[in-house]
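Chains as they are written, first to last, in my numbering: chain A, 1 to 478; chain G, 479 to 1513. Even for Gly, the Cβ is constructed at its ideal location relative to N, Cα and C.
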């Protein structure tokens, strides 16, 4: 089915419920689509649709994979080469540079720490990339580096929430929820917003929450072990036949009830059970990596039998192939308050090859053009060293919201360029600042959604992902 | 040219409109919603956003002359600039502007034109006009079973040419009122008993359903029975806790547990006791400020302690306190006023008359409280303490017998052994006395003449100790000045003192991230008459870092590094001592000044402390002896009484390294047992008010002018005799002049019974909210509820409000949906039938457990963890495991389920349960595949089905009987023949497959007993039945 036809933008609210992946079966709703019975969402019933405006333009991207580097990777070790820091090592930065910035752990007078890795120019674009990212170095011509991202938050939970929901406190809808709200779903057999490797995160489940949007736009977190989707497997002793018998008993009873009570909501319930049955049968196929070649496993560097970031990248590709709209893959553990060198080395070992492989794999399958891939964390890390005997820390870096690096690739994004620059200390942005709200506006733009028009009325006003801010980063659009 | 066309068009339009109808325009109903939605964001109350200095929310402004034209000219659309602009085709002139995403529909333009032609009258927004008790239509028709609710609803139906639905079937009705009032379905036995009592046959046999009438007296009795059930409070507390954003953890990254359940239990108990809603309000907003506030009234203030607490390392605690304050303002607005006050945090409200300053004025009322943990006195704990002390005394007496004996004493006779041991203890005691007497230092306490800090208020108390109160930061600096008593001093002693006013009894002020009551002294600097005083070294009685074995010591408070210092983690509630030995005795100086720095990546200043000096030569050392023991050490042997000697000996025994292990046990017994705490509000002392400022753009760091306590001007006056504080605000909220609160509350309760409110936007009664479907009914209910009357005898009684609703005929209608309903009243705004809606997450779980016969009826207490799959809570920081409760606690009512904000109980989330992150006036009600999977496959439901199946097997009936029984335990009503057929077919089919071994009975039933085949069959039946639509629906 064509996603545009399924768009809720023109549909009634009920219609949209019918279209949203994990929501209702459209077919079973039959002629009830025009019914105005509503389910009393938190917003007044008819506002849900009237406030969602049709997008003005077809989006280049249909799907998004967000590789979220939770804990905040050090841009100074990965993407933003600063030889000056080596020269100044151990000396404090000029106070004029630091200003009145508040820090989480260090004193502003802390000495500078030089980069722990070397950098080389890579690809035709000649971008400087750290030696600790050998795989990314090979695909640098496929991506756009943004070295001038900045955020409002300097602590993990608020900053993770900020980039995922546009707000530093829990309770707002996440990017994936907004995307579903704006575009609906292309799959009836899988959840349309999937969250992978989300364990031990500072922001917790609020990071994929639908906030004040209807709850069915929430991300569905796949568990790292056991059945990925909670309860997708039948209980012990229940075979396919029995599960089918049970479904038909329940639907039989529900149909009799529908006939005597006449409430269309029962039809919706029947449809949701039908979808549950489909979900049960499609989930095993999704998780069966048997159809993947050995070549693919070695491209990602993953063992299909073991949970890893690499396997999740491969699963992300499988998900978007099956029409899933939005996938988060988390890598938690970049919070290098101590030994930034070891931290970066270990995290790169887990993520570098697979992140690059994802781009290559999408490209060779012709999916990269319509899949937007985003890589980055919630903020950057300080040019100054973090040392604290009372906490047992040394050679680390503290949180740095003023400047950090993210990269984007694929659907709607130019390949092989970089945007923005920081000063010689990597402290401030000196060229083309990009706020987190700009990143969000750009993601929506790639999907064909105008971030100023994608609104939801609640608590007395229209809310949007980017609050009253955000500008699409035009320079990086393909 | 354009002008001519325009005039012609207006003329045509006006004529067209005039010829169609001249029905009078109602500004509130027809015009304000349009103006509010399309115009006010640029031409409304917010002066910062206002364009062209035009505002349309006030008539005077709309009519004002503006260089010869007026936006609105009453009676004359042609002359009204507003009309010209809304009809203009010029994109530069057209209103709303094309790029605003706001469009006026043709009929809306016509309404505006007609309104202006009819005189452009403005009326106040309905919700800001105090409700006046409307006359009851056809009041003479009131009788048992017909109350004013019905007459208001029927009047409207008659006007629309609709008729009410007939009463629902009795079983449906019984189940409905059980679920609505107590959140549990009736058992078949209860249902049958009430059926028999309610059924009243006027003529003919029972089978003729339409001849069955309801016995009104018995209905009243059923309602009263349910209202007085203890389960009533548990059901209604859940709805209130949604508003209160209750949870059992702090939220944000660490999301650690908090002890908040006493507040939750307070809500349950208070609702069960039917505390009048005005009192319920006052106690929660300001219970601590009531005269002679009781513990219960202080617990009630937990309402606004349900805000989240960010404990992530490195945050600015004051910043997140500010966010908690914005949450309190927004929540108060939603819960009591139905106003979206939160909209005015960053700028004046775009739609409602609430200015930016008024927002912070409202905050100022709530902003003057400290936020302690209240220890709840507990007679059991007192008895336990007495027992512990007696046990400690007993053990203390026996302690000498545990003095270690050399190996060769093993062979000795008991008497000989006791003698030698006594001798050894005596020798050691004498040694100790001699040593301690030698180490004894005479300290003179120093009373500061001045004690200031960057933020906490330092108060010098009678014993010369300094007490810190109020807010603290990540880096606090205390400055103390002494003007005498220090000349010749060789050492300065700092005593860190415990105090019940401090978190975990101090001595520190740490309240988040670190251990409660901890402190971290990073620098200790002395100056005498402005000259730095050199300190040679420092010692401490005890030092421990919260973070592993990383060093802390008093000495580290001298190294000039604010990251290192002294802390006494792990022994809160005790006195600790540091002694700073000076390089030279202090000179005779005018002033001695002490600066102490505190804090690490979280706030951790000292809460109570005292300074002393000694002039003893050779300096001094920190010791761990209490002051009264020190005093005894100054006495000679002759001066000591027997009691004194025992005290000294006991102190020696407890400190002796040889007895460390048994002594530790005695010390533990001597410590007061931990009491349950609950988070409360505590108004600050008058000498230390917290000031409130306006925050530019709502940002924490952008403070502007100070703002005094202020309520929105547009609402009722803040009476002269009310104090301008939190208690005054609470009384202002429930004052009879308030146009909003009573309406907001009755509307929310209406929605609980009817799925939707009379005003559907439960949380918004402002200009962007919806108009009431039955304006007179909501006003009548509000006045009856607030003032009391014939139907709600006790004013503000929620139980009587509920009683009134469920004894109406409207409530008791059938929920059958007809074609006429779908066509004429599709959204049931006219209440032409009873609504059907999916039950709340908690009720679905409770009803299933109840049907299965395992639901515990125990009330209150700490939260519990029902069955839940692995791998869910691991999403949260620290990957916490879910440790399922054992025994009865697995089956407690859902209200008692542990609520972790960053990883909520999955089944609740799937069924739209709240996270406790924000105030929720109405939950989403979704219908999804994940819900189906949960009902069918989740461990908790499987467990319930197995227990249910076991009960059925034990009941030992025929298939028909068991199907009937399980059906009725879940759905109350008896099954219809077709339903019975489907179910018995299912039973037979599964029994056959189990018998052939196709299905594994053990795996299904979880049981290895001989009858597990039948157990498996009935497990499968109940599993399916608990998943049918009707089971999770209020019919």
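query: Hey, is residue 1224(G)'s beta-carbon within less than 9 angstroms of any beta-carbon in chain A?; result: no
query: Just to confirm the assignment: which complete alpha helix (DSSP H) runs, minimum length 4, are found wholly within the region 381-467 of chain A?; result: 436-446
query: Chain G partners of residue 479(A), CB-CB under 9 angstroms?; result: Residue coverage of chain A in this structure runs from 1 to 478, which leaves residue 479(A) outside it and unanswerable.
query: Examine chain G for any beta-carbon lying closer than 9 angstroms to the beta-carbon of residue 254(A), and answer yes or no.; result: yes
query: Residues of chain A with CB under 7 angstroms from residue 1381(G), in chain order?; result: 204 and 205
query: For chain A, is any of its Cβ atoms less than 9 angstroms away from the one on residue 1008(G)?; result: no
query: Measure the alpha-carbon distance for residue 399(A) versus residue 152(A) and round it to whole angstroms.; result: 12 angstroms
query: What does residue 391(A) reach in chain G if we use C-beta pairs closer than 7 angstroms?; result: 1025 and 1028
query: Do you know how far the Cα of residue 1255(G) is from the Cα of residue 1308(G)?; result: 12 angstroms
query: Taking beta-carbon pairs under 9 angstroms, can you tell me which members of the region 1094-1109 of chain G lie near chain A?; result: none
query: Sorted by chain position, which residues of the same chain lie with C-beta nearer than 6 angstroms to residue 131(A)'s C-beta, five sequence neighbours on each side aside?; result: 117 and 118
query: Which residues in the same chain have their Cβ closer than 6 angstroms to the Cβ of residue 1059(G), if we skip the five residues on either side of it in sequence?; result: 969, 1014, 1015 and 1097
query: Which residue marks the beginning of the beta strand (DSSP E) containing residue 806(G), and which one marks its end?; result: First-last for residue 806(G): 795-810, but that is the alpha helix (DSSP H), not the beta strand (DSSP E).
query: Would a check of beta-carbon distances place residue 105(A) closer than 9 angstroms to chain G?; result: yes
query: Does DSSP classify residue 1378(G) as helix, strand or coil?; result: coil
query: Are residue 420(A) and residue 401(A) close, meaning C-beta to C-beta below 9 angstroms?; result: no
query: Let me check one thing: in DSSP terms, what residues is residue 974(G) bridge-paired to?; result: 1054(G) and 1087(G)
query: Taking only the alpha-carbon atoms, compute the straight-line gap between residue 1280(G) and residue 733(G) and give it to the nearest angstrom.; result: 37 angstroms
query: Rounded to the nearest angstrom, what separates residue 630(G) and residue 615(G) at their Cα positions?; result: 6 angstroms
query: Ordered along the chain, which non-local residues of its own chain (more than five positions away) have a Cβ less than 8 angstroms from that of residue 649(G)?; result: 669, 673, 1450, 1451 and 1452
query: Can you list, in chain order, the residues of the region 726-740 of chain G whose Cβ is nearer than 7 angstroms to any Cβ on chain A?; result: 729, 730, 731 and 733
query: So for residue 1010(G), helix, strand or coil by DSSP?; result: strand
query: Buried or exposed: which applies to residue 1493(G), given that a residue is buried once 16 or more other Cβ atoms fall within 10 Å of its Cβ?; result: buried
query: Who are residue 376(A)'s beta bridge partners in DSSP?; result: 68(A)
query: Quick check: the Cα distance between residue 1517(G) and residue 1186(G), rounded to an integer number of angstroms?; result: Summary: the structure shown does not reach residue 1517(G), with chain G confined to residues 479 through 1513, and so no result is reported for it.
query: Looking only at DSSP bridge pairs, what is residue 848(G) linked to?; result: 1160(G)
query: Per the contact definition of three or more C-beta pairs closer than 8 angstroms, is the region 938-958 of chain G in contact with the region 1103-1121 of chain G?; result: no
query: Going straight from the alpha carbon of residue 645(G) to that of residue 1291(G), what length do you get?; result: 4 angstroms
query: Going by DSSP in three states, residue 474(A) sits in which element: helix, strand or coil?; result: helix
query: For residue 1460(G) and chain A, any beta-carbon pair shorter than 9 angstroms?; result: yes
query: Under a Cβ-count criterion, where at least 16 other Cβ atoms within 10 Å of its own Cβ denotes burial, should residue 1143(G) be classed as buried or exposed?; result: exposed
query: Residue 821(G) touches chain A at which residues, Cβ-Cβ below 9 angstroms?; result: 459, 460 and 461
query: Counting only beta-carbon atoms, is residue 1315(G) nearer than 9 angstroms to chain A?; result: yes
query: Given that a residue counts as buried once 16 or more other Cβ atoms are within 10 Å of its Cβ, and exposed if not, what is residue 39(A)?; result: The pLDDT assigned to residue 39(A) is 27, lower than 50, so where the model puts this residue is not dependable; a value taken from the coordinates is nonetheless given after this. Label assigned to residue 39(A): buried.
query: Would residue 163(A) count as contacting chain G if we go by Cβ distances under 9 angstroms?; result: no
query: What span of residues does the alpha helix (DSSP H) with residue 710(G) cover, start to end?; result: 708-722
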